[in-house]
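Numbering-wise (this note's numbering), the sequence shown opens with residue 19 and increments by one. Ideal Cβ placement from N, Cα and C applies to all residues, glycine included. Remember, predicted model here, so these are calculated numbers, not experimental data.
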Amino acid sequence: MLAAQWIKENINESASLSNESLSSVSSFTLMWAVFEASESDPIHNMVTQIQRLSIRVANEMPPIDFLDDILQFWQNRYIQNNAKGSRFEHLGFSEHEQEELVFSILTEQSVNLADKIHALLLITYRFRNNLFHGNKDITLLEDQTENFNNASLVLQRVMLISRRYLYLGA
């Protein structure tokens with residue numbers, strides 16, 4: 019039985035979750051597994067690896083930046099067009115340096131390509147951490163569908179440039 023079906027049948031509060039939300043979480047989880055398998059190593063922590071990957075990918079990225087649509091979505095969600103006030107603090111950065119970098123990219127104070135990739139990967143990493151280690155209220159996933167879809171796109175696009183996924187299973 020698929021996990022989404024099991025959740026729908028066995029967790030009362032899951033009735034409000036759309037199939038789209040469950041699918042986006044499933045896709046993100048699988049994309050993160052592929053990303054981690056291709057880009058991580060047991061010696062360095064993931065944040066250090068994300069920074070190194072960002073520099074490497076920025077040097078190899080084609081002149082047309084294909085991350086701008088995702089950046090714009092997260093700018094709108096976390097900085098601009100938010101009637102409830104800034105949601106930026108909901109990302110839950112524990113490291114001030116990471117928080118400053120992401121904020122500078124989202125507010126366009128920095129336009130450095132490696133920093134942009136780094137910031138988008140840090141946001142993606144926050145979603146991963148929040149999903150696996152954060153709030154366990156499954157009903158809150160419904161509001162995260164677009165975040166997980168965009169986070170999956172970040173991983174896909176970065177891995178296309180990195181190309182290390184080609185060596186999985188080789």
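Closest by CA to residue i, which one among the options?
i: Ser36; options: Arg175, Val172, Glu164; result: Glu164
i: Glu126; options: Leu89, Ile25, Ala51; result: Leu89
i: Gly152; options: Ala137, Val52, Gly110; result: Gly110
i: Ala169; options: Asn94, Leu140, Glu107; result: Leu140
Using a Cβ-Cβ cutoff of less than 8 angstroms, which residues in the same chain neighbour residue i once the five nearest sequence positions on both sides are dropped?
i: Met64; result: Glu54, Ser58, Tyr143
Kindly list the residues whose CB is nearer than 6 angstroms to the CB of residue i, restricted to its own chain and excluding five residues on each side of it in sequence; keep chain order.
i: Glu78; result: Ile179
Does the beta-carbon of residue i, which I'm using as the reference point, lie nearer than 7 angstroms to any heavy atom of the ligand ATP?
i: Asn167; result: Among the components of this structure there are no ligands whatsoever, and the ligand ATP is therefore not found.
Under the rule that 16 or more other beta-carbon atoms within 10 Å means buried, what is residue i, buried or exposed?
i: Arg181; result: exposed
i: Leu158; result: exposed
i: Arg17; result: Only positions 19 to 188 of the chain appear in the structure, and residue 17 is not among them; the question remains open.
i: Ala51; result: exposed
i: Phe150; result: exposed
i: Ala21; result: exposed
i: Leu48; result: exposed
Spatial neighbours of residue i within its chain, please: CB distance less than 7 angstroms, with the 5 preceding and 5 following residues excluded, ordered by chain position.
i: Ser39; result: Leu159, Glu160, Thr163
i: Ile29; result: Ile156
* To do: Answer yes if the segment 132–150 comes into contact with the segment 66–78, meaning at least three C-beta pairs across the two stretches below 8 angstroms, and no otherwise.
  => yes
* Asked: Pairing CB atoms from the segment 83–92 with CB atoms from the segment 143–157, are three or more of them under 8 angstroms?
  -> no
* Quick one: complete alpha helix (DSSP H) runs, 4+ long, within the segment 89–177? -> Listed in chain order, the complete alpha helix (DSSP H) runs (minimum 4 residues) inside the segment 89–177 are 114–124, 131–151.
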